[in-house]
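Working notes, beginning with the structure itself.
Number of protein chains: 4
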Amino acid sequence: MTDFRDTMFTTPEMSGIFSGRTLVQRMLDFEAALARAQARAGMMPAAAAEAIGAKCRVDFFDVDGLFRDGAEAGTLAVPLVGKLTDLVGGEAKKFVHWGTTTQDAVDTAVMLQIKDGLDLLIGRLLEIGAACASLAERHRRTPMAGRTFLQHAVPITFGLKAARWLGLSTRLVRKLRTLGADTLAVQLGGAAGTLAGMGDHGVRVMELLAEELGLAVPDLPWHTERDRMAEVAGALGVVAGGMGKIAGDLALLSQIEVGEVFTGDTATKGRSSTMPHKRNPVEAAAAAASARLAIGMVSIVLSSAVQEHERAAGAWQAEWQAIPDLFRFTAGAVEWMYRALSNLHVYADRMRVNLEHTRGQIMAEALTMALAARLGRPEAYRIVQRASDRAAQRGISLHEAAAEDEEIRGAISPERLERVFEFSGYLGSTEALIDRALEGFRALREQTRAR
Amino acid sequence: MTDFRDTMFTTPEMSGIFSGRTLVQRMLDFEAALARAQARAGMMPAAAAEAIGAKCRVDFFDVDGLFRDGAEAGTLAVPLVGKLTDLVGGEAKKFVHWGTTTQDAVDTAVMLQIKDGLDLLIGRLLEIGAACASLAERHRRTPMAGRTFLQHAVPITFGLKAARWLGLSTRLVRKLRTLGADTLAVQLGGAAGTLAGMGDHGVRVMELLAEELGLAVPDLPWHTERDRMAEVAGALGVVAGGMGKIAGDLALLSQIEVGEVFTGDTATKGRSSTMPHKRNPVEAAAAAASARLAIGMVSIVLSSAVQEHERAAGAWQAEWQAIPDLFRFTAGAVEWMYRALSNLHVYADRMRVNLEHTRGQIMAEALTMALAARLGRPEAYRIVQRASDRAAQRGISLHEAAAEDEEIRGAISPERLERVFEFSGYLGSTEALIDRALEGFRALREQTRAR
Amino acid sequence: MTDFRDTMFTTPEMSGIFSGRTLVQRMLDFEAALARAQARAGMMPAAAAEAIGAKCRVDFFDVDGLFRDGAEAGTLAVPLVGKLTDLVGGEAKKFVHWGTTTQDAVDTAVMLQIKDGLDLLIGRLLEIGAACASLAERHRRTPMAGRTFLQHAVPITFGLKAARWLGLSTRLVRKLRTLGADTLAVQLGGAAGTLAGMGDHGVRVMELLAEELGLAVPDLPWHTERDRMAEVAGALGVVAGGMGKIAGDLALLSQIEVGEVFTGDTATKGRSSTMPHKRNPVEAAAAAASARLAIGMVSIVLSSAVQEHERAAGAWQAEWQAIPDLFRFTAGAVEWMYRALSNLHVYADRMRVNLEHTRGQIMAEALTMALAARLGRPEAYRIVQRASDRAAQRGISLHEAAAEDEEIRGAISPERLERVFEFSGYLGSTEALIDRALEGFRALREQTRAR
Amino acid sequence: MTDFRDTMFTTPEMSGIFSGRTLVQRMLDFEAALARAQARAGMMPAAAAEAIGAKCRVDFFDVDGLFRDGAEAGTLAVPLVGKLTDLVGGEAKKFVHWGTTTQDAVDTAVMLQIKDGLDLLIGRLLEIGAACASLAERHRRTPMAGRTFLQHAVPITFGLKAARWLGLSTRLVRKLRTLGADTLAVQLGGAAGTLAGMGDHGVRVMELLAEELGLAVPDLPWHTERDRMAEVAGALGVVAGGMGKIAGDLALLSQIEVGEVFTGDTATKGRSSTMPHKRNPVEAAAAAASARLAIGMVSIVLSSAVQEHERAAGAWQAEWQAIPDLFRFTAGAVEWMYRALSNLHVYADRMRVNLEHTRGQIMAEALTMALAARLGRPEAYRIVQRASDRAAQRGISLHEAAAEDEEIRGAISPERLERVFEFSGYLGSTEALIDRALEGFRALREQTRAR
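Residue numbers (my numbering), protein chains in the order written: chain U, 214 to 664; chain G, 214 to 664; chain S, 214 to 664; chain Y, 214 to 664.
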């Protein structure tokens, strides 16, 4: 743990799942499960499989040494299998790594890591969902400015914004879950994908191995067809992008001039080394940084999907770094957003103050629609634009400018005009949409419990 | 059509689907469908919707002009809606673009383009599958060298290689199809996602609009939650990577020294401007280039998923270019691979000649496994490595070196040794795996017909 | 001109330089110059070179047809050289494309485009510099909030912010200019880089060709050593990133709640299709989008620098699209920033109002430094943090909180405390730094004039 | 050292330069140098600077703890400065971190790391150059097939190929060296770039600090103008791409069917875990993987150049990971290529055998040019294409086919025809080009010694 890769930009859990040490353990899990599968298929005595399994514990191995020797050998499997064979000894050692190859061990091990990694992400995303659901519920009628192009557009509520994050989180969980069936499959092909080293038992062993490890049976070995890895990478990229979006919103809402939310607790977090008053939105910054890093990893994995023949000379190896780092960084983004959202300070009063910032201009569309009912949208748009310009030039509110406007006065009554400028009167389907998001999340959670 | 973006790196069909002209038409389709949906919801007279729909044809518009004016306005919708309003005229013009916004029109239009684009890709991928299935069937017993790290590993058959491409294509189709349900949704939120301009009718109109356009109903408007776009992009990146993989294999197999396949037809394709004898694997090169370009687009889309508040100032606009180009280039990669694979010359004799290249060393694992049955894998590995080194040093075949080796002779008979060096005897589960791939494709096709 | 690639995300000039049509012209320029160079080297009669040159005009060619046929042939050069040969006819046609190859023609043509493209960018960046210089000068004493993590830090002046953009623009111009000497070189190697088709004349012709075209003489042909292209791409990526930075600042400063600048002119720009009051910072958004697109192109070019042997099958072809698009998009980013900065509305009053937003907290560091002179920085930091927290809790200004604090009162006088809270008193080296930026730009301009 | 990031994909030296531990030391170097500079400027007693400097040693710090606490604080500087202050104690502690900020410390520290990192890369690239120069010299007349699109084009020599790699390495060194002057600058701006905490001394301290640390004086503080970082990243991307290119060539040349080079030593390197005969080009694979990873980092750095206001919330933090990893991976690519090239086995006999592979077709251009002298290039091209097709169809050599062709016989004598098919006779400027590369490298080395 010597730099931010394992602290700021990830979580200890994810860092653990994708550590070199865990990779070694997962490769050993593969070797042990393969032996068991082969024993079940009648390829070796059960005792041999047991003897092998007994040594498949990372504690027996010098992990740093393996990564040093593996770097020289070009693969972790060569030193690992050598050492494992020595450890097993006796008759059983004959059966170690039987009919398999480096790539089987590494790819399957990574799939096991990926499975754990996805579970971890899904768990946290569900908690993000819960936090957003609570915000959506609580602030369903807390009006704030809707902002497009960073400009005030029309009113929304903070609950709707949280509901959109909720919908996003819900969809992200659903997306990660779709990866299970086809994607998280064992790799077993032997040297070049024919399973020749296992005689006629190959496909059967592949099935048993999958069963042993709780992974899917692939249609075929996939040494150089990396769509599964690319798919996982793409999915994590979507998650990272989603977290980056929420992080960005939080940072913007935390600006001094906006002040609508504050993400940190208070004691030490986000202090400046030189400015005693500062409280930085460090959760948002750390999430945004992690998301950027994650997205960079995706493009490495995607462009490394072009792999030669039956095993690649470079592109595959790049995955060894890019996939673990991708999970690390995505977990960082998710974690920081979890922390921010589960402890978010929301300042409804500032939201209201900001809504007034444009002196009613934020209700220009509302006014347009009110007029449009009589004059049609194009004509209404023209009239309101004129009033809006006049208001801006004369420094009066749009309400005042509208009240002075002959055409507007001709079209709607002063009472109606009054109501047009109530924020709560122009929220359209806001609550219905919030309900849809809450409902989607509820369904997801029930489905989760049922699993 | 003035550069390779619209010729070499795509197809005319995909170029057409994502042309500026089609985008305009799809935006008009949105406006027309919105009017119909609103009429059904009682928000406007059916006659108005009809009058609007009648003008929603791109032929009435100056497309180049729209893109010029749209660049100034920062959005295509402003000039388009203005012009449409003028065209509609009369009473109906009051109802044009009612309660909606630029983003609704653009995002929904792009979704319609995406839907067509995906269909096109799926169609071609199915044809690639058919070509691969035919190759897999025909060459299921055509032995060739399996190559890892670009070195000979163990024998495979060309049918197995084709079956892996087939499995890949099958999975790619399945993946693209999973995008339908959640992903290809209409966008309808109005100015900032509240649907305020439609009073109480918002959600109902959203549902009707989806029905009109054959798209899914989203849980919520998704102006700045871009997971759907990112998901589409990721999926296309997976497709592009897969095509790049096949293209790379074809280029490598086409090398003069390898000569196992040839991708072109004959007459003019792939000629050099200066070397009269040359026939370049231009299909592979064009596919590889297209795939690279596509993958570059993916990272633009993914990193553009971080969008501010209720509409982004920059990231959204980048999608306007990146998504169409992503489809263009992916289609290019798919098309060139379709052309290469559906007309592939396979030279089984060269495959066999190349298999002999290592003078039996490619059977080293076969020999190891034969010995391992008696001596265990580690011991067998050691003995064969020694024989292999001796063969290489003395310039004799591995068979000869093995025949001389005391330990090997002690372990297996000369007849058994003879059989060890038959390529066809060490193909393991090759045919079973081919069958799995064929079966998977057959199921996919049946499912396709049933749709 | 059918989509935003050629309008919103670029300029007509850059679009013209990198159009397919111009590429054809530049390839013809190559063919003509090569003929002249070869004539000067005694390889062909001057009359032949003249006859060839006379036909090297794009008007004689069907550009669309070339791109269609070139897509089939895998290279533009085959149909182009064929057609040119026909056009030249007579004796001279014997000498067309003598001893050269597709790659020579394309790479050199692209270098000519790059040269023009760089000049265009440099010109606009100098104008951006001029606009920033004017802003820096005019607003050198206009105080505003310095913002870190989007929070108020300490006061700066708007002139300093503009000076930083100025320094950036100055460095970008200098960087682009360093590309000249080594980088913008002709490509001439013949089929595989030996210049064999030119007998002993190869190197001499390479030198003469460079002279004819105003490009550098490379050390060697560089068919597959793409460092030059990668270098150009990297440089444009730096430019795009710089423009994105300024665009981001402008968008943030334009927020309703901040309101310190406004980027547009007035009449129609940035209007919303539905909200009559809105004026979007479309320049910033378009620049940001263009910058994102450009940066995506850079990674395509960089990863395409891995090219096989003496000509690549895919990576080179990807450049054909990525490099022109990179220039297009970079030009878009530069142009929009030029337009924004050369017509920027600056609201000094809002800057001052915003400075007051934290009720003096923005002067916390100033207070710390004032105390630190007596108490040391750590102690001062502790005391001010306490006062700052108290001010926040009680809703009073930091000035008031400080005035009540025993330790602070013990350390500095009320008069000194008063002065601590003057923004203009805590600007440090602001003016000196502005002068440095202005001086750097002045030197660059003089050097420009001297060229 | 727990995964391949610090073994396979880098070197121990580069890993050391960019370790978290070294970062802490460089930040302490900054604090010490700042104190000295401020003492020289009269801002603190020399004794205080000395006392601070005495504690600026990483051994006094718990590095892991700093990265843990720094992750919480959002910056390494907060815990580091806190701890340093405690360590310094006494009167001097008042002056720790005087008038500066986190970003000054981090950015300057990273610049110091970058400087060391560049030196390391340059050193190794020069050794790569030396290895290539030796290969170019030794094999200047070793003919081999020039390959375009992976097909045989015309003969080259292996010396020319090595000379191209040499030219590339030479240019890469030159490029890295251009980074010095403007780019490797100290960062010193204080909280928001005004240097307000240093009163009038700011610019002077900036100059002295640069002097103390051996870095350049920037025009302005550059907290959020990241062109320098982007420039460094771009340059490393060019290096990585260059290494990837060489790695790719080596892997292709190492193919069994090509067999023209072998990159490894022999004993253990590149062994397979299952195939005893295999020797994989692990150097090429590891270099290719490292290069891919490096290029991925570049795009993170470039897209992170868009930073807000006076300090970024996310994009800056992403650099903390991406820049060190970029250096790590680039060093990995360089190192593996150094190892491969400095110990490369070249099989000139196989090169010659492969040249014969096309039965003389590789001399088609030579024949064309011989005929072109009489018939003009277009006519010659047509005739040779016909002969080439005939040779291919009838399975005879191009020489035989040419000897039978009436038109060819009419144009050149049998003796001339004989000479046309000598590889060594169609090498054009090969040796002159090799000399140019050698000369360029010689000049670079002399310039290096003179430094």
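The C-beta atom is built at its ideal place from N, Cα and C for all residues, glycine as well.
Find the nearest neighbour of residue i within the set the options, judged by alpha-carbon distance.
i: arginine 492 (chain Y); options: Y:Glu644, Y:Met510, Y:Ala464; result: Y:Ala464
i: lysine 388 (chain Y); options: Y:Ala286, Y:Gly359, Y:Asp332, Y:Leu297; result: Y:Asp332
i: isoleucine 341 (chain S); options: S:Tyr639, S:Ser512, S:Ser517, S:Arg552; result: S:Arg552
i: proline 368 (chain U); options: U:Arg353, U:Val597, U:Ala614; result: U:Arg353
i: phenylalanine 222 (chain U); options: Y:Ala614, Y:Leu640, Y:Gln534, Y:Arg587; result: Y:Gln534
i: threonine 396 (chain Y); options: Y:Phe231, Y:Leu428, Y:Ala305; result: Y:Leu428
i: leucine 449 (chain U); options: U:Ala616, U:Gly545, U:Asp602; result: U:Gly545
i: leucine 651 (chain Y); options: Y:Gly278, Y:Arg377, Y:Val495; result: Y:Arg377
In the DSSP assignment, find the alpha helix (DSSP H) that holds residue i and state where it starts and stops.
i: threonine 298 (chain G); result: 290 to 301
i: threonine 361 (chain U); result: That residue, threonine 361 (chain U), is in no alpha helix (DSSP H); its beta strand (DSSP E) goes 356 to 361.
i: alanine 583 (chain G); result: 577 to 588
i: isoleucine 271 (chain Y); result: The sequence given here has valine at residue 271 (chain Y), not isoleucine. Run containing valine 271 (chain Y): none; DSSP gives neither H nor E here.
i: alanine 460 (chain U); result: 440 to 466
i: lysine 328 (chain Y); result: 315 to 351
i: threonine 643 (chain G); result: 643 to 663
i: glutamate 521 (chain S); result: Premise fails: glutamate 521 (chain S) is in no alpha helix (DSSP H) and is neither H nor E.
i: tyrosine 560 (chain Y); result: It is not in any alpha helix (DSSP H) - tyrosine 560 (chain Y) carries neither H nor E in the DSSP assignment.
Contact defined as beta carbons within less than 8 Å: I believe residue i pairs with residue j. What is the distance between those atoms, to the nearest angstrom?
i: threonine 321 (chain G); j: leucine 426 (chain G); result: 7 Å
i: threonine 407 (chain S); j: serine 642 (chain Y); result: 6 Å
i: glutamine 520 (chain G); j: alanine 507 (chain G); result: Glutamine 520 (chain G) to alanine 507 (chain G), Cβ: 22 Å. No contact.
Give the straight-line distance between the Cα atoms of residue i and residue j, rounded to the nearest whole angstrom.
i: arginine 563 (chain S); j: isoleucine 609 (chain S); result: 22 Å
i: valine 597 (chain Y); j: threonine 581 (chain Y); result: 6 Å
i: alanine 656 (chain U); j: phenylalanine 371 (chain U); result: 23 Å
i: proline 258 (chain S); j: leucine 325 (chain G); result: 60 Å
i: glycine 461 (chain U); j: alanine 497 (chain U); result: 7 Å
i: threonine 661 (chain Y); j: valine 445 (chain S); result: 25 Å
i: serine 516 (chain U); j: glutamate 569 (chain G); result: 34 Å
The beta strand (DSSP E) spanning residue i covers which residue range?
i: histidine 365 (chain S); result: 364 to 370
Answer yes or no: does any C-beta atom of chain B fall closer than 9 Å to that of residue i?
i: serine 467 (chain Y); result: Here chain B cannot be found, since the structure's protein chains are U, G, S and Y.
When the Cβ atoms of the segment 557 to 568 of chain S are set against those of the segment 230 to 244 of chain S, are three or more pairs found closer than 8 Å? no
At least 3 beta-carbon pairs within less than 8 Å: the segment 397 to 407 of chain S vs the segment 453 to 464 of chain Y: no
Are three or more beta carbon pairs between the segment 534 to 550 of chain S and the segment 564 to 581 of chain S nearer than 8 Å? no
Does the contact criterion of 3 or more C-beta pairs under 8 Å hold for the segment 350 to 367 of chain U versus the segment 522 to 532 of chain G? yes
So, do the segment 302 to 320 of chain G and the segment 286 to 294 of chain G have three or more beta carbon pairs nearer to each other than 8 Å? yes
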